[in-house]
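Worksheet for the structure shown next.
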Amino acid sequence: MEYFLVQVLNGVQLGLLMFLLAAGLTLTFGIMDLVNLAHGSLYMVGAYLAWTFITWTDSFLLGALLALPATFVVGVIVEVVVARRLYVRDHLDQVLATFGLILFFNELVRVIWGPAGKSIAVPPFLSQTVQILPGVPYPAYRFAIIVVGALVALLLAWLVARTRLGMLIRAGASNRRMIAALGVNIELLFSLVFGLGAVFAGLAGLMAAPISSVKIGMGDDILILAFVIIVTGGIGSIKGAFVAAMGVGQLDIVGRVYLSDWLKAVMDPAAASAAAPAISQVLIYIVMAAVLVWRPTGLFGQRQ
Amino acid sequence: MAGKLFGAATIAALAFAAQPVWAQDSVKIGFVSTFSGSQAAIGEDMRRSVDLAVEHLGGKIAGKKIEIVYEDDQFKPDVGKARSEKLVQQDKVNFVAGYIWSNVLLASLKTVTDEGDTILISANAGPSQIAGELCNKNFFSTSWQNDQTPMAMGEYLNTKGVKSLYVVAPNYAAGKDMAAGVKRTYKGKIAGEDYTKWPDQLDFSAELTKIAAAKPDGIFIFYPGAHGVQFVKQWVQAGLNKTVPLYQVFSIDAITLPQQGELALGTLGAQEWVNDLPNAQNKKYVEDFKKKYKVYPSYYGAQSYDAIMLIASAAEALKGDLSNKDKVRAELKKANFKSLRGDFKFNTNQFPIQNFYIQEAVKDPQGMMTVKTIATAVKDGKDSYYQKCSMK
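Line order of the protein sequences matches chains L and F. Quick note: the first sequence uses my numbering, first residue 1354, plus one each step. Quick note: the second sequence uses my numbering, first residue 8, plus one each step.
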């Protein structure tokens, strides 16, 4: 039972990280109609900036707090210099241009930080375990990711549902032209939303850094999963991204833990361990396809 | 028709005249390793040791200049194969050396040894296939066969009386060899086995939770470089360092210790070379390396240094004439050089017959993390596949 609970928490932690990455992506896709392949680069830039600030300040918290506004600035610069010109173009042009951005950012990081990866240490006050239930230890840092992730999700829910900015975001997601016609300063809104998305991606990147590593191309692998999440959840829907991300987190754990245990009963352990994650990967796409057949615009997408 | 043939022959003749393959005045060595990305630190350690070997040789072998061409495999088998092909076909090197990763080596093997008929010296990777059925007259190793180091660990665990063991390794050629190796010699109970996605999985939360639930007496891991750093960190974060000791191969070394720091203190590993092995050439190598680069060398570096010295011994014996490959192979096979491991000789499959030691992660008097030898686990160990090799 405790074992089950801990594995569920592992899935929640992964799901929340994925949600942070998917939130920005679904906003830019839903509101600006921009397919931003370079979103993973912002995840990487966030992690590298955090590494720099943490090294400077010698404090994880301070470094992380400085990295977030810095990632926001990078996001706004990308929006003003590149992304803004792409809103009116078709999706193919956007894919090409933002793929170019990926190459640009990977090269830029290589020039600034060098080809070797960086490592961010878990802050000392989080390097222990916490008791989630009496006698059930859980790594404190992972627990912190869950807490921060949940808080940010709540904050985002409040922002979207209760504030004027959120109202504009929701309006933009359902009918972009209409809100422009109503005299909303769309340029400012777009820059803000893009920057906000960058901050969430950066936050995911810097929180993931101590448990994975800070390296060139770290966001590219995870981006496909983020796209699956936003398409399954419904493009433009924060709620959808959240539900889909949590689902993907649990599916991943099922693949790594339970599926491989079941398969080991009938096949060689190495083969079982190889097959299980592959099957769970495929499972994610099957779930996505099933959702799209049932609801072509995703779980919480706007119906046409 | 005759004109056309003549034309083709002229071009061919000119091409050969332009590049006289063996009449060069340098010994050219191609060196394939990982110089970019998260595992670049390993490649850097190898490059430093190769440079140091060249320096110790005075930049010359048998009066000919040593020319090293470094190529980055980017940690990818397809890139490694393409780079190896370039070294053989375009640079026309005399030897190809290096290779950290078994999957990269397996992808590149035929390109170098068969299509290129060039001698390849692995300075790290040792997949079981090449020690057995794929063994090749053009292939030499200055490292080990993958199974051997974990087999030594298994022997040591038996003498230590560890009753149950949980095995975790990445799911690729070397990971499977390593797990097979420890299981071959370890006589206790295998409490569980997990194979993780390679190379993209750096999060071991699910596996560590399973280990905590299985309550084994020890964990056996094989996670080279960046992955070893992450595993050790997460092992401590999960609080398992207080309950389940970690036994490792290739996961806690001079590459990873600067990042693992005190978290790794006291963990045990198996290795064929340790920086404190008592022989003169090893002392010189370690001292000069530390003086030049301010850090400890690793076995990756030591094996690369040995690879260059092995090449030098053969080329010296032939007075720099590398045109007859049978002679070159025969000289290499003698292994007439001073290895950093001490005595060094080749088995029939051209893998070394050697000792394996148990090392402990400690702090040196200056406060730097390093490893020191605490026991000899295996003496004159041969790998388990050489009888499958057709070379006798």
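For each residue, glycine too, the CB sits at the ideal point set by N, CA and C. This one's a predicted model, so the numbers in the text were calculated from it and none came from an experiment.
Task: Beta-bridge partners of residue 1396 of chain L, as assigned by DSSP - done: None, per the DSSP bridge assignment.
Open item on the list: So the candidates are F:136, F:152, F:63; which of them puts its Cα closest to the Cα of residue 363 of chain F?
Closed with: For the residues F:136, F:152, F:63, the minimum Cα distance to residue 363 of chain F belongs to F:152.
Open item on the list: Please confirm whether residue 406 of chain F has its beta-carbon closer than 7 Å to some beta-carbon of chain L.
Closed with: Past the edges of chain F, shown from 8 to 399, lies residue 406 of chain F, and the structure says nothing about it.
TODO: With 7 Å as the threshold, decide whether the Cβ of residue 29 of chain F is near any Cβ in chain L.
DONE: Reliability fails at residue 29 of chain F, whose pLDDT of 49 lies under 50, so the model's placement of it is uncertain and no value is given.
Open item on the list: Is residue 307 of chain F close to chain L? Criterion is C-beta to C-beta, closer than 7 Å.
Closed with: Output row for residue 307 of chain F: interface = no.
Open item on the list: Taking the alpha carbon of residue 1554 of chain L as the reference point, which residue from L:1540, L:1579, L:1600 has its own alpha carbon closest?
Closed with: For residue 1554 of chain L, the nearest C-alpha among the options comes from L:1579.
Open item on the list: Which residues in chain L have a C-beta closer than 7 Å to the C-beta of residue 282 of chain F? List them in chain order.
Closed with: Those within 7 Å of residue 282 of chain F in chain L number zero; the least Cβ separation is about 22 Å.
Task: Close-in-space but distant-in-sequence residues of the same chain around residue 29 of chain F (CB under 6 Å, 5 per side omitted) - done: With a pLDDT of only 49 at residue 29 of chain F, under 50, the local geometry of the prediction cannot be trusted, and the value read off the model is given with reservation. Closer than 6 Å at the Cβ level, and outside the excluded window around residue 29 of chain F, lie 330.
Open item on the list: Helix, strand or coil, according to DSSP, for residue 367 of chain F in the structure here?
Closed with: Note: residue 367 of chain F maps to strand in three-state DSSP.
Task: Buried or exposed (CB count within 10 angstroms, at least 16 for buried), residue 357 of chain F - done: Buried: at least 16 other Cβ atoms inside 10 Å.
- [ ] Starting from residue 173 of chain F, follow the beta strand (DSSP E) in both directions and report where the run begins and ends.
- [x] From DSSP, the beta strand (DSSP E) with residue 173 of chain F extends over 171-177.
TODO: With a 10 Å radius around its C-beta and 16 neighbouring C-beta atoms as the bar for buried, classify residue 1431 of chain L as buried or exposed.
DONE: Flag for residue 1431 of chain L reads buried.
Open item on the list: Taking a contact to mean a Cβ-Cβ separation below 7 Å, would you say residue 1472 of chain L touches residue 278 of chain F in this structure?
Closed with: The answer is no: Cβ separation not under 7 Å.
Task: Rounded separation between residue 1639 of chain L and residue 121 of chain F - CA only - done: Per the coordinates, the alpha-carbon of residue 1639 of chain L lies some 44 Å from the alpha-carbon of residue 121 of chain F.
Open item on the list: Could you tell me the alpha carbon to alpha carbon distance between residue 1492 of chain L and residue 316 of chain F, rounded to whole angstroms?
Closed with: Looking at the backbone, the Cα of residue 1492 of chain L and that of residue 316 of chain F are separated by about 47 Å.
Open item on the list: Taking the beta strand (DSSP E) that residue 278 of chain F belongs to, which residues open and close that run?
Closed with: For residue 278 of chain F, the enclosing beta strand (DSSP E) has its first and last residue at 275-278.
Open item on the list: Against chain L, which members of the stretch 235-261 of chain F pass a CB distance test of less than 8 Å?
Closed with: Of all residues in the stretch 235-261 of chain F, only 236, 237, 240, 241, 243, 244, 245, 246 place a beta-carbon less than 8 Å from a beta-carbon of chain L.
Task: Own chain, CB closer than 8 Å to residue 116 of chain F, minus 5 neighbours either side, in chain order - done: The beta carbon of residue 116 of chain F sits closer than 8 Å to the beta carbons of 127, 137, 141, 143, 146 from its chain, once the five residues preceding and following it are set aside; these are given in chain order.
- [ ] Measure how close the beta-carbons of residue 1416 of chain L and residue 1410 of chain L come, nearest whole angstrom, since I'm counting them as under 8 Å.
- [x] That pair is a contact at about 5 Å.
- [ ] Please state if the CB of residue 221 of chain F and the CB of residue 195 of chain F are separated by a distance shorter than 7 Å.
- [x] Their beta carbons are not under 7 Å apart, which means residue 195 of chain F does not touch residue 221 of chain F by this criterion.
- [ ] Find out if the Cβ-Cβ distance for the pair residue 98 of chain F, residue 71 of chain F is shorter than 7 Å.
- [x] Taking 7 Å as the Cβ cut-off, residue 98 of chain F and residue 71 of chain F do not qualify as a contacting pair.
Task: Cβ of residue 113 of chain F within 7 Å of any chain L Cβ - done: Under the Cβ criterion of 7 Å, residue 113 of chain F is not counted among the residues facing chain L.
Task: Interface residues of chain L facing residue 135 of chain F [CB-CB closer than 7 Å] - done: Listed along the chain, the chain L residues whose CB falls inside 7 Å of the CB of residue 135 of chain F amount to none; the nearest CB is some 13 Å away.
- [ ] Name, please, each residue of chain L whose Cβ falls closer than 8 Å to the Cβ of residue 207 of chain F.
- [x] The contact set of residue 207 of chain F on chain L, defined by CB atoms closer than 8 Å, consists of 1574 in chain order.
- [ ] Quick one: residues in its chain with C-beta nearer than 8 Å to the C-beta of residue 1470 of chain L, no 5 flanking neighbours on either side, listed in chain order?
- [x] Excluding positions up to five away in sequence, the list reads 1566, 1567, 1568, 1569.
Task: Where the alpha helix (DSSP H) containing residue 1499 of chain L begins and where it ends - done: Residues 1493-1515.
TODO: Spatial neighbours of residue 177 of chain F within its chain, please: CB distance less than 8 Å, with the 5 preceding and 5 following residues excluded, ordered by chain position.
DONE: Excluding residues within five positions, the ones whose Cβ falls inside 8 Å are 202, 203, 204, 205, 206, 208, 229, 230, 234.
Task: Burial state of residue 1357 of chain L, where buried means 16 or more other Cβ atoms lie within 10 Å - done: Exposed, by the Cβ-count rule.
Open item on the list: Only counting the same chain, and skipping five residues up and downstream in sequence, which positions put a Cβ closer than 6 Å to that of residue 214 of chain F?
Closed with: Exclusion of the five residues before and after residue 214 of chain F leaves 175, 201 as the residues of its chain whose Cβ lies within less than 6 Å of its Cβ.
Task: Below-7 Å beta-carbon distance, residue 200 of chain F vs any chain L residue - done: Closer than 7 Å: yes.
- [ ] Flag this pair as yes or no: are the beta carbons of residue 355 of chain F and residue 399 of chain F separated by less than 7 Å?
- [x] In contact: residue 355 of chain F and residue 399 of chain F (Cβ atoms closer than 7 Å).
Task: Inter-residue spacing [alpha-carbon to alpha-carbon] between residue 1490 of chain L and residue 212 of chain F - done: The straight-line gap from Cα to Cα measures roughly 12 Å.
- [ ] Grab me the residues of residue 92 of chain F's own chain with a C-beta within less than 7 Å of its C-beta, minus the 5 sequence neighbours each way, in chain order.
- [x] 118.
Task: chain F contact for residue 1471 of chain L (CB, 7 Å cutoff) - done: So, not an interface residue.
TODO: Just the chain L side, please: which residues come within less than 7 Å of residue 45 of chain F by C-beta, in chain order?
DONE: Near residue 45 of chain F (Cβ distances below 7 Å), the residues of chain L are 1470, 1566, 1568.
TODO: Drop a sphere of 10 angstroms on the beta-carbon of residue 44 of chain F, count the other beta-carbons inside from all chains shown, and report buried for 16 or more, exposed for fewer.
DONE: With a threshold of 16 other beta carbon atoms within 10 Å, residue 44 of chain F meets it and is buried.
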